[in-house]
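Per numbering that gives the first Met the number 0, the very first residue in the sequence shown carries number 0; after that it's consecutive.
We put the CB at the ideal spot given by N, CA and C, even for glycine.
Since the structure comes first, as structure tokens, the remarks are kept for the end.
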Amino acid sequence: MLVVLVVLVVLVVLAVLAVLVVLVVLVVLVVFVVFVVFVARTRARSVGAIARHAGCRTRRRATAFTRSISG
Numbered sequence: 000m001l002v003v004l005v006v007l008v009v010l011v012v013l014a015v016l017a018v019l020v021v022l023v024v025l026v027v028l029v030v031f032v033v034f035v036v037f038v039a040r041t042r043a044r045s046v047g048a049i050a051r052h053a054g055c056r057t058r059r060r061a062t063a064f065t066r067s068i069s070g
């Protein structure tokens, strides 16, 4: 009887740890996605500002310029 109780307690602890690991992974993924989106938006904004500063008045010239410097 005692062995069954110990096994059940160990299983419950492992289940709780598994849930915590999944939650931590999800939080890390969400933070990573938010960071990537923020960096992409900031970079796009700064590249557009660079294009305007370089004298690209029209959208087509600005697009060509940003493609040439973005790689």
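Inter-residue distance for L1 and V27 is about 39 Å (C-alpha atoms, whole angstroms). Between V36 and V11, the alpha-carbon positions lie close to 38 Å from each other. The straight-line gap separating the alpha-carbon atoms of L7 and A14 is approximately 10 Å.
Beyond the five residues adjoining it in sequence on each side, V38 comes within less than 6 Å, by CB distance, of no other residue in the same chain.
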